[in-house]
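Asker: Here it is, the structure, as structure tokens.
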């Protein structure tokens, strides 16, 4: 087995020098005066509505697009405020299923904007002017050939400036209709409701509706916890302001703990465990923990619920079972021995075995993490039986994503389970829709999806779960410990702790960043011939049992890790030397990128704020410039090749996803890759922002790259030497050496006088 290498060297930064060309309609498209007039009349109807309903100090306008559109194809001038792009006025985004011009079902973008009445009226006037130009000069219809002629100077600007006209025409081309969307009420006793951010303060709005803001709990400026009476008032008066509504009381999906015990004797008579010393500490947020079990010295437990809540015996089983796996899982399940050792646990009881308040958990988790900054890895094996919404992230998941962005931690989240009560519910439940978390589904001990498996995707697009691990099933269970016995269990709740153990080992013992640790876990699950993730049940695959299989590679593989920080549009190195043989590269290649972007729940399906695009491959010359011939043929952002449709970019290159895994297929008889004159490979990380400019600057990323020799040769020594010649600092990740360093660092030093 080969050790993983850590390459340390200089990444270069480059600002975006690409410029957009002249404004033209897309090929084979046209805009008719009838469509322009239809949109104008729709805006005029909205203008009348908002003049009669001036409460919010502006206008909400929902824009239904003809398809999924990139940022560059959203409104460029219509609904724009003076000195600002229309994108800055977006308050929500979702998908809907419509039909294209040929009647074929197609997914479409729907954005909700909040604009001033002045911006709305200006847009109406622009459409009127556009109608006049189309009537006078283009016979009521304009095509892309006409816009090409306009850009060559053939345009009369007496009615409308050329740049304004072209922007209006292109806006109209992508928009299907303008409308006012109204929320549909859900009959829940208690709900968490999110309002669109408009020109009225939420507390002032509540007062105007006759509600006391002091008696209503607010999560943030626009998210409230309301009872049924308050919700009725909201829907009866301002249903157009409601962006999202979810039930505040969800039934926890507690995994199955078999009543028939594996052992009947008391634990202290059977189980033995040494006292903890310097083992890493991980956080567990779950139901409660029983302090009388055999491993109680390893667990620091705190009840975070009110003392008024009476706890029963059932409230201690699930949490105790989860912590038993983190502390002593291999002793309970020898066939799952991962060689990660034992871990100490700081266990926070935030829920009972019955119903719980999502709002309460939201508040507790942030407070818990902020007060325990030494903990980097958190296990959350609680989840809702209700399915996630297709168009917005759950409040619980959004809070986890914010916490991970704010506090440099990582959550391992159970993928939630299908039960007898929700047999028809197959989408995962909150908070398994958290994008920054590592979400774990379960497989049985034969590597097949379990009987209780639920699936993604999240927001109709993002891969979730991320990976899967052994969680047992009805026929063959896992062993856990509850007061005061071993029992058979199965569920994603008991798959997740095994991944928590591995992440804690990689971060605390080996000393890797959370970005690299997450990328290594996913890369190890994906392997070389990853199964299709389109079924959204097993993620990128099953994580290996032994930690050595994550931290080492086969003799014919060279695996190395690289870390960096986003500074400019492009972060890159064109200086990776791959060993050659007879003027070619006899290697297959793969790479996994992980990063933790800022997220905005108010943006709906456009949830992640930053896109990080990876290009990895041989360096070649194109038109006098060095460029990367990417192993996945990724040509996004290549100069002169910016014609990839948004939906295609999302499907092929996972655009906007915070995990990128690219790999060449391993095939027998494959021919070595041609080596170009410069003889090196390159890695390029390109960054795009959705809304606020440079919000992703300073964000860390981690990349795991693997090269597999086509003929089975071990070329790692050649690679190390070539890297050193090129100025790279090469560090072998020696597991035993890292353990010794960790133990030395954790020793207590006594000073004597």
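Numbering (our numbering), first residue to last: 9 to 761.
Don't be surprised by glycine CBs; every beta carbon is placed ideally from N, CA and C.
Please return the same chain residues whose Cβ sits closer than 6 Å to the Cβ of residue 18, not counting the five positions on each side in sequence.
Answerer: Contacts found: none.
Asker: Taking Cβ positions, are residue 504 and residue 420 nearer each other than 7 Å?
Answerer: The answer is yes: Cβ separation under 7 Å.
Asker: Tell me, please, which residues DSSP counts as bridged to residue 8.
Answerer: This structure does not reach residue 8, given that the chain is present from 9 up to 761, and the question cannot be answered.
Asker: Is it buried or exposed, residue 161, if we count other Cβ atoms within 10 angstroms and call 16 or more buried?
Answerer: Burial call: exposed.
Asker: Could you tell me whether the Cβ atoms of residue 295 and residue 316 are closer together than 7 Å?
Answerer: Going by C-beta atoms, residue 295 is not nearer than 7 Å to residue 316.
Asker: Can you confirm whether the stretch 599-606 touches the stretch 30-50 when touching is taken to mean that 3 or more C-beta pairs between the two stretches lie within less than 8 Å?
Answerer: The stretch 30-50 vs the stretch 599-606: no contact.
Asker: Helix, strand or coil: which one does DSSP assign to residue 180?
Answerer: Residue 180 falls in the helix class under three-state DSSP.
Asker: Are the beta-carbon atoms of residue 691 and residue 624 separated by less than 7 Å?
Answerer: Closer than 7 Å, so yes.
Asker: Within its chain, find whatever has a CB closer than 8 Å to the CB of residue 753; leave out the 5 residues flanking it on each side and keep chain order.
Answerer: For residue 753, where only same-chain residues beyond five positions count, there are no Cβ hits under 8 Å.
Asker: Which residues mark the beginning and the end of the beta strand (DSSP E) in which residue 255 is found?
Answerer: Taken as a continuous stretch (DSSP letters only), the beta strand (DSSP E) holding residue 255 covers 250-255.
Asker: If you follow the alpha helix (DSSP H) that residue 556 is in, where does it begin and where does it stop?
Answerer: Element bounds for residue 556: 556-559.
Asker: Assess contact between the stretch 196-211 and the stretch 220-240, defined as three or more Cβ pairs (one per stretch) separated by less than 8 Å. Is contact present?
Answerer: Result yes; three or more Cβ-Cβ pairs closer than 8 Å.
Asker: In the DSSP output, which residue or residues are listed as bridge partners for residue 723?
Answerer: DSSP, once it has assigned bridges, lists no residue as partnering residue 723.
Asker: Verify whether the separation of the beta carbon atoms of residue 522 and residue 617 is less than 7 Å.
Answerer: No, they are not a contact pair.
Asker: Exposed or buried, which one is residue 501 when buried takes at least 16 other CB atoms within 10 Å?
Answerer: Looking at its Cβ environment, which holds 16 or more other Cβ atoms inside 10 Å, residue 501 is buried.
Asker: At which residues does the beta strand (DSSP E) containing residue 349 begin and terminate?
Answerer: No beta strand (DSSP E) contains residue 349, which DSSP labels as neither H nor E.
Asker: How about residue 688 and residue 749: do their beta carbons lie closer than 7 Å?
Answerer: Not closer than 7 Å, so no.
Asker: Return the chain-ordered ranges of every alpha helix (DSSP H) run that is complete within the stretch 312-395 and spans a minimum of 4 residues.
Answerer: Listed in chain order, the complete alpha helix (DSSP H) runs (minimum 4 residues) inside the stretch 312-395 are 325-340, 366-379.
Asker: Is residue 21 closer than 7 Å to residue 695 when the C-beta atoms are compared?
Answerer: No; because the gap between Cβ atoms is not below 7 Å, this pair is not in contact.
Asker: Can the beta-carbon of residue 405 be found closer than 7 Å to that of residue 450?
Answerer: No.
Asker: Over what stretch of residues does the beta strand (DSSP E) that includes residue 113 continue unbroken?
Answerer: Looking at the DSSP string, the run of the beta strand (DSSP E) that includes residue 113 is 113-123.
Asker: Where residue 137 and residue 122 are concerned, what is the direct C-alpha to C-alpha distance, given to the nearest angstrom?
Answerer: If you take the alpha carbons of residue 137 and residue 122, they lie about 23 Å apart.
Asker: Name the two residues that bound the continuous beta strand (DSSP E) containing residue 689.
Answerer: Looking at the DSSP string, the run of the beta strand (DSSP E) that includes residue 689 is 689-697.
Asker: So does residue 733 have its beta carbon nearer than 6 Å to some heavy atom of the ligand COA?
Answerer: The ligand COA is not among the ligands present in this structure, which contains no ligands whatsoever.
Asker: Please report whether the beta-carbon of residue 530 lies at a distance below 7 Å from any beta-carbon of chain D.
Answerer: Any reference to chain D falls outside this structure, which holds one protein chain only.
Asker: Would you list the residues sitting across from residue 637 in a DSSP beta bridge?
Answerer: Answer by DSSP bridge pairing, in chain order: 626.
Asker: DSSP beta-bridge partners for residue 744?
Answerer: Looking at the DSSP assignment, residue 744 forms no beta bridge with any residue, so it has no partner.
Asker: Could you tell me which residues DSSP puts in a beta bridge with residue 509?
Answerer: Paired residues: none, contrary to the question.
Asker: Going along the chain, which residues of its own chain have a beta-carbon closer than 6 Å to the beta-carbon of residue 388, five neighbours each way excluded?
Answerer: So the qualifying residues of the chain are 293, 419, 421.
Asker: Measure the Cβ-Cβ separation of residue 372 and residue 409 and say whether it is below 7 Å.
Answerer: Their beta carbons are not under 7 Å apart, which means residue 372 does not touch residue 409 by this criterion.
Asker: Between residue 100 and residue 77, what straight-line distance do the alpha-carbon atoms span, to the nearest angstrom?
Answerer: Those two C-alpha atoms are separated by around 15 Å.
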